[in-house]
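Student: So for the sequence shown, the working numbering puts the first residue at 137; every next one is plus one. Dumping the structure here so I can ask a few things about it.
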Amino acid sequence: MRFDTLIVNGTVATASDTFQADIGIEHGKIIVIGKSLPKDNAAKIIDAAGKLVLPGGIDVHTHLDMPFGGTTSADDFETGTRAAAFGGTTTIIDFAIQYKDQSLRTAFDTWMQKAESRAMIDYAFHCIITDLPDARLDEMNAMVREGVTSFKLFMAYPGVLMLDDASIFKALQMSAKNGAMVCMHAENGSAIDVIVKQALAQGKTAPKYHALTRPTTAEAEAVGRAVALAEMAGAPLYIVHLSSFDALEKVREARDRGLPVYAETCPQYLYLSLEDMDKPGFESAKYVFTPPLREKWNQEKLWTGLKHDQLSVVSTDHCPFCFKEQKELGKDDFTKIPNGGPGIEHRMSLIYSGGVADGRFSLNRFVELTATTPAKLFGLYPKKGTIAVGSDADVVIFDTKRKHTISAETHHMRVDYSMFEGITVTGMPDIVISRGKILVENNSFFGKAGSGNFLKRSTYGDVPKVAGVGL
Ligand SMILES: [Zn+2]
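Here's what the structure looks like:
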């Protein structure tokens, strides 16, 4: 047997098992998993003794090269995917935005152009629908045929991104038929807009009012409404960036009733809180994203939700804007601060550290949350999201003992601050492999722009059959 790469002596961890095994890779795929595989015909041998061998991370929520509020997110598909790789993420699903009067196809083509020659890891797209007259409903089927098998809808940002309930319901009915997944930004945008206008009228313009004008009740109400609309349509539902216990309760109730409702949270809601909005001056603009930071007690509730499978996925909602010149656009008015924060690089370490190293959940649950369930829900499994014969050789050699203090001084994202500045994590990727090629080793980068592939995804409707398990 011949291997391009042979990983020996490592501890392999999947969503279900942890075991000692060698892994043979050939032509970008895992071709054998076994004990004491022959080393004679391996072009390269990686000794993973004392290390974990994990499936590459999958981040299903990123915004690279995205126009927002008169500026553009600071990482493009080159710098963003490079930073992702440094952190052990080998697949992203970004968002192609359809603007008013545009076809969904135009959105897809536009974002393909941004990514194609730049991405260094594999990528796929959700399609954001902001304008859905009946004449366009059929375009959803065309996108599914292209492998864009999920759609993001907004219940927030009226007049910009928000869809009305009738359009949301129609989109859910379409997805019930074509097997796609609807991803929902769940906040009651109409009520929030009233609160925001009242705050501005009272001269409340500082960054912390971004958080104080978006109550958890507005998030919970929208989650509850989205669940009801999906239930009536007979469609699955995925809630993006869930941030609060109030909203989590709505997801838990839906899941307890057996509905195919899923939700993700993001590291910022697990590590940061409203207290970070009290930093002096304009500093707290660094934490202006939506949904906003919540009271600190919500953090442990979200960790518990991850442990008990009320929350199914951890993504980043990576949407970086530099403090200088970009966040500063809102110096005198919090509504003009571009919404978003940088996180694509640190998800794996933050969740391993807070989840596994701190004893909140198992190593296998960590793999499930960061790779396997994202792959299953979004039609990438078992090509991505696990260590198995026939899967893509997206592999992370992970050092569970290595400590690292996160800082803008050392991170690889193209942004001038870190949301997690000064936080020390336990557990870091040593070697990151994408389809058999080493991207990162010893803090050096070996990938190249354009080497990432666009991933045509199966539908959610197909995945339970492929995966052979319930979600
Ligand atoms: Zn987002």
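By construction, the Cβ of each residue, glycine as well, lies at the ideal position given by its N, Cα and C atoms.
List the whole-angstrom C-beta distance separating E323 from A358, where the pair is believed to meet the contact cut-off of C-beta under 8 Å.
Tutor: Numbered from its first residue, the sequence shown carries residue 323 at position 187. Numbered from its first residue, the sequence shown carries residue 358 at position 222. At roughly 5 Å, the Cβ-Cβ gap stays under 8 Å, so E323 and A358 are in contact.
Student: Under the criterion of a Cβ to heavy atom distance below 6 Å, does D412 qualify as lining ligand 1?
Tutor: Residue 412 sits at position 276 when you count from the first residue of the sequence shown. No; taking the cut-off as 6 Å, the Cβ of D412 has no heavy atom of ligand 1 nearer than that.
Student: Would the beta-carbon of F582 fall within 7 Å of that of L575?
Tutor: For the purposes of this step, residue 582 is taken as the residue at position 446 of the sequence shown. For the purposes of this step, residue 575 is taken as the residue at position 439 of the sequence shown. The answer is yes: Cβ separation under 7 Å.
Student: Fully enclosed by the segment 519-575, which alpha helix (DSSP H) runs are 4 residues long or longer?
Tutor: Counting only runs of 4 or more residues that sit fully inside the segment 519-575, no alpha helix (DSSP H) segment turns up.
Student: So what does E577 bridge to, in DSSP terms?
Tutor: The count along the sequence shown starts at 1 and reaches residue 577 at position 441. E577 pairs with I567, S580.
Student: For the 8 Å Cβ check, are there 3 or more pairs between the segment 256-272 and the segment 217-232?
Tutor: A contact between stretches requires three or more CB pairs, one per stretch, nearer than 8 Å, and the segment 256-272 meets this requirement with the segment 217-232.
Student: Which first and last residues belong to the alpha helix (DSSP H) in which F502 is found?
Tutor: Locating residue 502 in the sequence shown gives position 366, counting from the first residue. Note, F502: alpha helix (DSSP H), 499-503.
Student: Comparing C-alpha positions only, which one of D535, T541, Y553, S594 sits nearest to G224?
Tutor: As a first step, residue 224 is located in the sequence shown; it is residue number 88 there, counting from the start. Closest by alpha carbon: D535.
Student: Count the other CB atoms, across all protein chains shown, that sit within 10 Å of the CB of A347; report buried if there are 16 or more and exposed otherwise.
Tutor: Within the sequence shown, the letter at position 211 stands for residue 347. The residue is buried, with at least 16 neighbouring Cβ atoms inside 10 Å.
Student: In whole angstroms, what is the alpha-carbon distance linking P203 and M564?
Tutor: The residue you call residue 203 lines up with position 67 of the sequence shown. The residue you call residue 564 lines up with position 428 of the sequence shown. Whole-angstrom Cα-Cα distance: 32 Å.
Student: Using only the alpha-carbon positions, how far apart do Q435 and N475 sit?
Tutor: As a working mapping, residue 435 is identified with position 299 in the sequence shown. As a working mapping, residue 475 is identified with position 339 in the sequence shown. Going by the C-alpha atoms only, they are around 21 Å apart.
Student: If you run the structure through DSSP and keep just helix, strand and coil, what is Y596?
Tutor: The count along the sequence shown starts at 1 and reaches residue 596 at position 460. In this structure, Y596 counts as coil in the three-state DSSP scheme.
Student: State the beta-bridge partners of S286 as determined by DSSP.
Tutor: Numbered from 1 along the sequence shown, position 150 holds the residue referred to as residue 286. Looking at the DSSP output, S286 shares a beta bridge with M317.
Student: Would you say F457 lies against chain B (beta-carbon separation less than 7 Å)?
Tutor: Annotation note: the requested chain B is absent from the structure, which comprises a single protein chain.
Student: Express the C-alpha separation of A307 and G572 in angstroms, rounding to a whole number.
Tutor: Walking along the sequence shown from the start, residue 572 turns up at place 436. Walking along the sequence shown from the start, residue 307 turns up at place 171. If you take the alpha carbons of G572 and A307, they lie about 38 Å apart.
Student: With DSSP collapsed to three states, give me the class of K165.
Tutor: Locating residue 165 in the sequence shown gives position 29, where the first residue counts as 1. K165 falls in the strand class under three-state DSSP.
Student: Shorter than 6 Å, the distance from the beta carbon of D201 to the closest heavy atom of ligand 1, or not?
Tutor: As a first step, residue 201 is located in the sequence shown; it is residue number 65 there, counting from the start. Not so, every heavy atom of ligand 1 lies at least 6 Å from the Cβ.
Student: With respect to 6 Å, is the separation between the Cβ of D453 and the closest non-hydrogen atom of ligand 1 below this value?
Tutor: Locating residue 453 in the sequence shown gives position 317, where the first residue counts as 1. Result yes, Cβ under 6 Å from ligand 1.
Student: Does the Cβ-Cβ distance between F381 and K437 come in under 7 Å?
Tutor: Against the sequence shown, residue 381 aligns to sequence position 245. Against the sequence shown, residue 437 aligns to sequence position 301. Yes; because the gap between Cβ atoms is below 7 Å, this pair is in contact.
Student: Whole-angstrom Cβ separation of I567 and I542, contact assumed at under 8 Å?
Tutor: As a working note, residue 567 is residue 431 in the sequence shown. As a working note, residue 542 is residue 406 in the sequence shown. Their Cβ separation, rounded to whole angstroms, is 20 Å, which puts I567 and I542 out of contact at 8 Å.
Student: Which residue or residues does DSSP assign as beta-bridge partners of C263?
Tutor: Taking the first residue of the sequence shown as position 1, residue 263 is located at position 127. Bridge partners of C263: A232, F287.
Student: How is Q446 classed by DSSP in three states: helix, strand or coil?
Tutor: Position 310 of the sequence shown, counted from the first residue, corresponds to residue 446. In this structure, Q446 counts as coil in the three-state DSSP scheme.
Student: Among D528, T522, D201, which residue has its Cα nearest to the Cα of Q249?
Tutor: To locate residue 249, count along the sequence shown from 1; it is residue 113. Closest by alpha carbon: D201.
Student: At the level of alpha carbons, what is the spacing between E504 and T150?
Tutor: Taking the sequence shown and counting its residues from 1, one reaches residue 504 at position 368. Taking the sequence shown and counting its residues from 1, one reaches residue 150 at position 14. Straight-line Cα distance between these residues: approximately 7 Å.
Student: From what residue to what residue does the beta strand (DSSP E) around D195 run?
Tutor: Along the sequence shown, one-based indexing puts residue 195 at 59. 193-198 is the span of the beta strand (DSSP E), which, as asked, contains D195.
Student: Please classify A546 as buried or exposed, where buried requires at least 16 other C-beta atoms within 10 Å of its C-beta.
Tutor: For this step, residue 546 is matched to residue 410 along the sequence shown. It is worth fixing the name first, because residue 546 is Thr in this sequence and not Ala. Exposed, since its Cβ has fewer than 16 Cβ neighbours within 10 Å.
Student: Could you tell me whether the segment 296-316 touches the segment 349-365, where touching means 3 or more Cβ pairs closer than 8 Å?
Tutor: yes
Student: Among A544, Q404, A292, T341, which one has its Cα closest to the Cα of A356?
Tutor: Working through the sequence shown from its first residue, we reach residue 356 at position 220. Nearest C-alpha to A356: A292.
Student: From which residue to which residue does the alpha helix (DSSP H) around L486 run?
Tutor: For the purposes of this step, residue 486 is taken as residue 350 along the sequence shown, with counting starting at 1. Element bounds for L486: 483-487.
Student: Identify whether Q462 lies in helix, strand or coil by the three-state DSSP scheme.
Tutor: The residue you call residue 462 lines up with position 326 of the sequence shown. Three-state DSSP puts Q462 in coil, outside helix and strand.
Student: Given a threshold of 16 other Cβ atoms within 10 Å of its Cβ, counted over all protein chains shown, does W439 qualify as buried or as exposed?
Tutor: Against the sequence shown, residue 439 aligns to sequence position 303. W439 should be labelled buried.
Student: What separation, rounded to the nearest whole angstrom, lies between the Cα atoms of D212 and R254?
Tutor: Within the sequence shown, numbered from 1, the residue matching residue 212 stands at position 76. Within the sequence shown, numbered from 1, the residue matching residue 254 stands at position 118. Per the coordinates, the alpha-carbon of D212 lies some 8 Å from the alpha-carbon of R254.
Student: Just curious, the beta strand (DSSP E) that F139 is in, first and last residue?
Tutor: Here residue 139 refers to the residue found at position 3 when the sequence shown is read from its first residue. The continuous beta strand (DSSP E) containing F139 extends over residues 139-149.
Student: Among the residues of its own chain, which have a CB less than 7 Å from the CB of Q156, if the five just before and after it don't count?
Tutor: Position 20 of the sequence shown, counted from the first residue, corresponds to residue 156. Around Q156: T147.
Student: By Cβ distance below 6 Å, which residues in the same chain neighbour R550 in space, the five residues on each side in sequence not counted?
Tutor: What you label residue 550 is simply residue 414 of the sequence shown in a count that begins at 1. Correct list, in chain order: A210, D211, T215.
Student: Measuring straight from C-alpha to C-alpha, what distance separates Y517 and M484?
Tutor: One-based indexing of the sequence shown puts residue 517 at position 381. One-based indexing of the sequence shown puts residue 484 at position 348. Take the alpha-carbon of Y517 and the one of M484: they are about 19 Å apart.
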